[in-house]
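Number of protein chains: 2
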Amino acid sequence: MEYFVPPLEVLVEQFAKLPGIGRKSAQRLAFHILNSTDADANKFAEAIVNAKKLVKYCNVCQNITDSEVCSICNNPKRDSSVICVTESPKDVISIEKTNEYHGLYHVLHGAISPMDDIGPNDIKIAELLKRLESDEVKEVIMATNPTIEGEATAMYIARLIKPLGIKVTRIAHGIPVGGDLEYADEVTLTKAMEGRREM
Amino acid sequence: MEYFVPPLEVLVEQFAKLPGIGRKSAQRLAFHILNSTDADANKFAEAIVNAKKLVKYCNVCQNITDSEVCSICNNPKRDSSVICVTESPKDVISIEKTNEYHGLYHVLHGAISPMDDIGPNDIKIAELLKRLESDEVKEVIMATNPTIEGEATAMYIARLIKPLGIKVTRIAHGIPVGGDLEYADEVTLTKAMEGRREM
């Protein structure tokens, strides 16, 4: 049943399509737009169109960028012998924030997940293998998420890369810094024990 | 610090401006837009612009509408001798859903709230009084929220209307249907006792 006047109803429906936004939240957001100035509403609409139009994938690492090749791939100071493989551009940002990693990235845009009908050809694995054809890369760090899908993806890619004679590593699993042993789950704790290092 | 490419960063900032949406949620929503089709993104942007452009206030009741006078005010079957006063258009929709009220509405677009610097002139009280100038209206139902601001607004308006010889009523406060006495707060329970009716 349609309760709002059509232009408002359309906006509510659009908001309700966003992930994690239900009908009630969508109404609240739509009313917020109605109560904002014309200029603000236009700016919002423009931001959507521009983001969609201007943001593309880097030709090399598939990270999001507004040019052909992203600023990380273009940076001559980065170590091009290491590639860190992540599931999403957000993960790249998380790692960049540490300021500790100076190699390059490769964004898969997803993980292998048979349940969701996502196979190896649906994520950017072929693009990664193509980058490894040159002899420059010495190590590939698998930084996919520590989920079933992320682990499976890391294992799948590792098996493809190893025959090329390139070192493949996996980021460490363990207790988060500041975390509490008491509240760590068994799997994490097991991984933390397995991955113990001499002090 | 700016982490995303500018067009994406702008979109994240726009989403983060919405009520109840933090930076993390805004990122998630922005990525959802990036992953949607061009057509879907354009539809969303259009919905924002159109809602802002086409939705206006009804000349009579101040409810939102896409014409000069809203469909409720224009409906000859509605009882024009009763006006139900609400704080927001959402409240009108809630009451309409009951299918029990057949009078007209008046939307104040807010409530008197000295704390937020909202006085009687900042909400649509003058427009309500103007409607009462004709002799047609016999009853005004105050359906503002049962909050301090809503109560104050109802009292303020009641004091203005009573001298005009028009009946002013307030919606009942009490235990919600399906509610539990045990969990009702004291004020609600007191109001429910005060408002008791013979069976």
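If you read the sequences in order, they're chains E and X.
Going by my numbering, the first sequence runs without a break in its numbering and finishes at 199.
Going by my numbering, the second sequence runs without a break in its numbering and finishes at 1199.
Glycine included, each C-beta is placed from N, C-alpha and C at the ideal position.
query                                                                                                                         : result
Interface flag, ALA1143/X vs chain E, CB-CB below 8 Å                                                                         : no
Segment limits, alpha helix (DSSP H) that includes TYR156/E                                                                   : 148-161
Closer than 8 Å to chain E by CB, SER1025/X                                                                                   : yes
Environment of ASN1035/X [buried if 16+ CB atoms lie within 10 Å]                                                             : exposed
ILE123/E vs GLU149/E beta-carbon contact at 8 Å                                                                               : no
The stretch 1162-1174 of chain X touching the stretch 1133-1152 of chain X, judged by at least three CB pairs closer than 8 Å : yes
The stretch 18-33 of chain E touching the stretch 1025-1043 of chain X, judged by at least three CB pairs closer than 8 Å     : yes
Where LYS1167/X sits in the DSSP three-state scheme                                                                           : strand
Collapsed DSSP secondary structure at SER1067/X in the structure displayed                                                    : coil
Residue from VAL1049/X, ALA1051/X and PHE1004/X whose Cα sits closest to the Cα of ARG1028/X                                  : PHE1004/X
Closer than 8 Å to chain X by CB, ILE64/E                                                                                     : yes
Beta-bridge pairing of ASP79/E - partner residues as DSSP gives them                                                          : GLY103/E
Any 3 or more C-beta pairs closer than 8 Å across the stretch 76-90 of chain E and the stretch 102-121 of chain E             : yes
Secondary structure of SER88/E, DSSP reduced to three states                                                                  : coil
Straight-line Cα distance separating CYS1061/X from ILE1118/X                                                                 : 20 Å
Member of GLU136/E, ALA152/E, ASP40/E and HIS102/E whose CA lies at the smallest distance from the CA of ALA1051/X            : ASP40/E
Chain E contact for VAL945/X (CB, 8 Å cutoff)                                                                                 : Only positions 1001 to 1199 of chain X appear in the structure, and residue 945/X is not among them; the question remains open.
Unbroken alpha helix (DSSP H) run spanning MET1193/X, endpoints                                                               : 1186-1194
Rounded distance between the beta-carbons of CYS84/E and ILE72/E, thought under 8 Å                                           : Their Cβ separation, rounded to whole angstroms, is 10 Å, which puts ILE72/E and CYS84/E out of contact at 8 Å.
Residues that DSSP places opposite VAL1140/X in a beta bridge                                                                 : ILE1083/X and VAL1168/X
Cβ-based burial, HIS1106/X [other Cβ within 10 Å; buried from 16]                                                             : buried
Local conformation of MET1/E per DSSP, three classes                                                                          : In this prediction, MET1/E has a pLDDT of 41, which is less than 50 and means its spatial position is unreliable; what the coordinates show is noted afterwards. Coil.
C-alpha distance - GLY1179/X paired with THR1188/X, whole-angstrom precision                                                  : 11 Å
Limits of the alpha helix (DSSP H) - the one that VAL1060/X falls within                                                      : Element bounds for VAL1060/X: n/a, residue is neither H nor E.
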